[in-house]
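Residues 9 to 255 in the numbering used here are what the sequence shown lists, from first letter to last.
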Amino acid sequence: MRHSLRYKDHDIDLPPGEFVIGRAANCQLSLDDPLVSRNHATLTVTSAAVVLADLGSRNGVRVNSDRIEGKRALSHGDQISIGSQDMTLLSRRELVADTLIQGPERASAFGLLGILADKALAMGRGEEAEKLLFEQLDQLLVDAQRGVTVSSETTERASEYALKLAVATANGRWVDYIFRLHSAVGRMCAGSIVDELYTVLRRVKTVNLPALRDYLQALREQSKSLGPADRFLLSRLEGLERLAAAK
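Next up, the structure:
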């Protein structure tokens with residue numbers, strides 16, 4: 009099992025041993041944040057597991073928005089909040105990844121895992137659905153950011169799942185995912201996605217405004233080449249920015 013920590017679009021490898029997070033310069037991950045204690049938390053990493061511990065910090069540690077007491081064993085896709093900083097644990101079995109994720113297009117993986125995720129969502133098990141889809145959605149975004157061609161159909165399908173997960177978990181990272189994915193592929197969001205975002209944005213706790221603003225800036229730079237329909241969608245996305253800023 010390979011473990012890493014995703015922080016600000018960077019994947020930090022977690023070798024076996026202790027990984028300290030805090031404000032001090034000698035921490036493995038040093039965070040410039042006044043809400044973070046000098047030695048805030050530690051990750052104890054083995055090949056089989058990652059355990060998070062609060063080191064008696066002033067402002068605590070949250071996992072998937074829940075404040076932890078003492079230690080917490082983490083799972084793939086868990087979101088860790090320390091101060092005002094968010095990061096995500098990624099745990100991958102290479103053989104499983106190679107089997108489930110073949111090539112840049114993830115439609116076949118969505119077909120299999122999507123059925124299971126849809127069942128979990130129908131039963132109100134949002135976290136279960138998130139764990140089923142996380143790796144596939146994450147790898148698709150990585151592919152797009154590396155310049156691999158991703159079809160508009162796959163982009164829209166991934167965005168639809170991200171919307172479902174945002175509603176089920178109230179986690180704004182899935183809204184951010186949509187903007188980051190569309191920025192990477194250089195496409196306008198489909199009208200149905202934009203319409204649904206207005207509803208979803210009111211349900212999630214926070215939204216990463218820089219991700220939305222970067223996407224809007226990229227669209228504005230090509231605004232002269234946009235047709236009337238896309239210019240209308242751009243104005244709708246600008247409305248989303250105002251809504252997100254007011255949260």
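Even for Gly, the Cβ is constructed at its ideal location relative to N, Cα and C.
Distance CB(residue i)-CB(residue j) smaller than 9 Å
{"i": "SER65", "j": "ALA81", "result": "no"}
{"i": "VAL53", "j": "ILE29", "result": "no"}
{"i": "ARG250", "j": "TYR206", "result": "no"}
{"i": "ALA253", "j": "LEU217", "result": "yes"}
{"i": "ALA198", "j": "GLU164", "result": "yes"}
{"i": "SER99", "j": "SER83", "result": "yes"}
{"i": "LEU242", "j": "MET196", "result": "yes"}
{"i": "LEU37", "j": "TYR15", "result": "yes"}
{"i": "TYR169", "j": "ALA226", "result": "no"}
{"i": "LEU145", "j": "TYR185", "result": "yes"}
{"i": "MET9", "j": "ALA56", "result": "yes"}
Whole-angstrom C-beta distance between residue j and residue i, which should lie under 8 Å
{"i": "LEU97", "j": "LEU141", "result": "About 16 Å; that fails the 8 Å criterion."}
{"i": "ARG211", "j": "ALA178", "result": "6 Å"}
{"i": "GLY180", "j": "LYS213", "result": "6 Å"}
{"i": "ASP41", "j": "SER92", "result": "6 Å"}
{"i": "VAL208", "j": "VAL183", "result": "6 Å"}
{"i": "ALA219", "j": "PHE187", "result": "5 Å"}
{"i": "VAL271", "j": "HIS11", "result": "Past the edges of the chain, shown from 9 to 255, lies residue 271, and the structure says nothing about it."}
{"i": "VAL193", "j": "VAL158", "result": "5 Å"}
{"i": "SER231", "j": "ARG239", "result": "7 Å"}
{"i": "GLY85", "j": "ALA61", "result": "Not confirmed; about 19 Å, so no contact."}
Limits of the unbroken alpha helix (DSSP H) element including residue i
{"i": "THR207", "result": "199–209"}
{"i": "ARG250", "result": "236–253"}
{"i": "SER89", "result": "Not the alpha helix (DSSP H): SER89 falls in the beta strand (DSSP E), residues 87–90."}
{"i": "GLN225", "result": "217–229"}
{"i": "GLN93", "result": "Premise fails: GLN93 lies in the beta strand (DSSP E), 93–100, not in any alpha helix (DSSP H)."}
{"i": "HIS190", "result": "181–193"}
{"i": "GLY30", "result": "It is not in any alpha helix (DSSP H) - GLY30 instead sits in the beta strand (DSSP E) that spans 25–30."}
{"i": "VAL175", "result": "160–177"}
{"i": "VAL150", "result": "134–153"}
N- and C-terminal bounds of the beta strand (DSSP E) containing residue i
{"i": "ILE76", "result": "Careful: ILE76 lies outside any beta strand (DSSP E) and carries neither H nor E."}
{"i": "HIS48", "result": "Careful: HIS48 lies outside any beta strand (DSSP E) and carries neither H nor E."}
{"i": "LEU60", "result": "58–62"}
{"i": "LEU13", "result": "10–15"}
{"i": "ASP19", "result": "18–21"}
Which listed residue (the options) has its alpha carbon closest to that of residue i
{"i": "LEU171", "options": "VAL193, GLN153, VAL150 and LEU129", "result": "LEU129"}
{"i": "ASN153", "options": "HIS190, ARG31 and ALA254", "result": "Correcting the residue type first, residue 153 is Gln in the shown sequence and not Asn. Here the closest residue by C-alpha is HIS190."}
{"i": "ARG46", "options": "ARG70, LEU234 and ASN34", "result": "ASN34"}
{"i": "GLU204", "options": "GLU229, VAL175 and ARG228", "result": "VAL175"}
{"i": "SER73", "options": "LEU63, SER55 and MET95", "result": "MET95"}
{"i": "GLN87", "options": "VAL69, ALA56 and ARG228", "result": "VAL69"}
{"i": "VAL71", "options": "GLU135, MET9 and ARG221", "result": "GLU135"}
{"i": "GLY122", "options": "GLU26, THR162 and GLY155", "result": "THR162"}
{"i": "LYS255", "options": "LEU22, MET131 and VAL215", "result": "VAL215"}
{"i": "ARG31", "options": "GLY25, LEU63 and ASP21", "result": "LEU63"}
{"i": "GLN147", "options": "GLU229, SER160 and PHE118", "result": "PHE118"}
{"i": "ALA237", "options": "SER200, ARG221 and ILE76", "result": "SER200"}
Within-9 Å CB hit, residue i to chain C
{"i": "GLN87", "result": "The structure shown contains no chain C; it holds only a single protein chain."}
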